[in-house]
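**Student:**
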């Protein structure tokens, strides 16, 4: 098959909807989850919106519906008739929407890291449930269990002690929470991060120092993210500030708090897309939904939520994979067979997958990476 990848308006090509102030916030902010930080982030979003509009770029022209119509324009220009669609994570929402708007043009479709309508917001209960699942895997691993019998207690105890200074480094409570959530996107990184919490609970804070400074959310075009995600899923009736960081939550939803609370604080004027494209609707083309069983970004339950709306849908869960990178790289031959046979024959072939729990002991600790 030929493989055609169509760039996203606002991110590839011109213009790129950059937000320098938002970029600077995510690079330099201290304790980003505090209310005063979220207020400052809202101001950054507001300034970005005004700057884009002053330059003649209306964010209302950069929604996911516009991107889907760009895909259709490319299909027509290339002279393709019926196409196979492959969509991952955010791209799975685009695939779903394309198949709803142009079902006659789709032969078969594979969506992995499945993101159905309304699910650009990560929910605290789902994140905490995933950490409980990791605690079960930890308890079942004899080597890991010998270092810490109760993973959740270790994580909770460490988070309660933050922020603090360690060997001249500031361990930021907010970025530690954000970066732990980010680490869960890949099994290898999740193991390292959770191992760092256990080390900290046992008195060694090097791994937590690395996690606090490890990675920050990066986007080539923050304005593009706002224009598409907010117009698709923003709910003016939600109290994002309180719902995404509820009392008693283990981790809450730190990254969604950064993305959605500033909108509630009037950081970005939202014009939503038509209601029909914001809710579930029938999808006719044969579709395969693939999920990682340990995915914090698009949990398997989200694919199950979409499944009943598929006229000819099938589901596969790879139990010990996290988000899309894991699905692609942990067992690449098995994943290629799964996708290839479905797109070519309509057959769901899971036979090459090996379902083995991950080791909860990292080969390289986060603290060792910091020392390097």
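Numbering (the numbering used here), first residue to last: 1 to 372.
Using N, Cα and C, we set each Cβ at its ideal position, and we do this for glycine too.
(1) Going by beta-carbon coordinates alone, are residue 255 and residue 245 separated by less than 8 Å?
(2) Taking the CB atoms as reference points, tell me whether residue 74 and residue 178 lie closer together than 8 Å.
(3) Contact between the region 316 to 333 and the region 108 to 122: three or more CB pairs below 8 Å?
(4) If I follow the unbroken alpha helix (DSSP H) through residue 374, where does it start and stop?
(5) For a quick check, are the C-beta atoms of residue 318 and residue 342 less than 8 Å apart?
(6) For residue 166, I'd like the list of residues in its chain whose CB is within less than 7 Å of its CB, leaving aside the five on either flank, ordered along the chain.
(7) Just checking, does the region 170 to 186 make contact with the region 28 to 43 on the three C-beta pairs under 8 Å criterion?
(8) Could you name the residues of the same chain whose beta carbon sits closer than 6 Å to that of residue 86, not counting the 5 residues immediately before and after it, in chain order?
(9) State buried or exposed for residue 76, treating a residue as buried only when at least 16 other CB atoms are found within 10 Å of its CB.
(10) Any contact of the region 281 to 301 with the region 121 to 141, i.e. 3+ C-beta pairs under 8 Å?
(11) Please report the residue range of the alpha helix (DSSP H) in which residue 138 lies.
(12) Rounded to whole angstroms, what's the CA-CA distance from residue 104 to residue 284? Just pull it up for me.
(13) Only counting the same chain, and skipping five residues up and downstream in sequence, which positions put a Cβ closer than 8 Å to that of residue 350?
(14) What do you get for residue 367, buried or exposed, if any count of 16 or more other CB atoms within 10 angstroms of its CB means buried?
(15) Do you know whose CA, among 262, 4, 169, lies nearest residue 234's CA?
(16) Starting from residue 86, trace the beta strand (DSSP E) in both directions and tell me its first and last residue.
(17) Spell out a yes or no on whether the region 16 to 26 and the region 219 to 233 are touching, meaning 3 or more CB-CB pairs, one atom from each, closer than 8 Å.
(18) My understanding is that residue 252 touches residue 163, with C-beta atoms under 8 Å, so please give their C-beta distance in whole angstroms.
(19) Which of the three DSSP states, helix, strand or coil, is assigned to residue 275?
(20) Does the distance from the CB of residue 154 to the CB of residue 191 come in under 8 Å?
(21) From 358, 99, 309, pick the residue whose C-alpha is nearest to that of residue 141; which is it?
**Tutor:** Considering the structure as presented:
(1) Result no, Cβ atoms of residue 255 and residue 245 do not sit closer than 8 Å.
(2) Not a contact, by the Cβ cut-off of 8 Å.
(3) Inter-segment contact for the region 316 to 333 and the region 108 to 122 is present: three or more beta-carbon pairs are separated by less than 8 Å.
(4) Residue 374 falls outside the range modelled here, since the chain spans only 1 to 372, and no answer is possible.
(5) no
(6) The residues are 205, 209.
(7) yes
(8) 110
(9) exposed
(10) Note that the region 281 to 301 touches the region 121 to 141; at least 3 beta-carbon pairs, one per stretch, sit closer than 8 Å.
(11) Counting along the chain, the alpha helix (DSSP H) containing residue 138 begins and ends at 124 to 140.
(12) The straight-line gap separating the alpha-carbon atoms of residue 104 and residue 284 is approximately 9 Å.
(13) 316, 334, 338
(14) buried
(15) Considering only 262, 4, 169, the residue with the shortest C-alpha distance to residue 234 is 262.
(16) 83 to 88
(17) yes
(18) With 8 Å as the limit, residue 252 and residue 163 do not qualify as a contact, their Cβ atoms being about 16 Å apart.
(19) helix
(20) no
(21) 358
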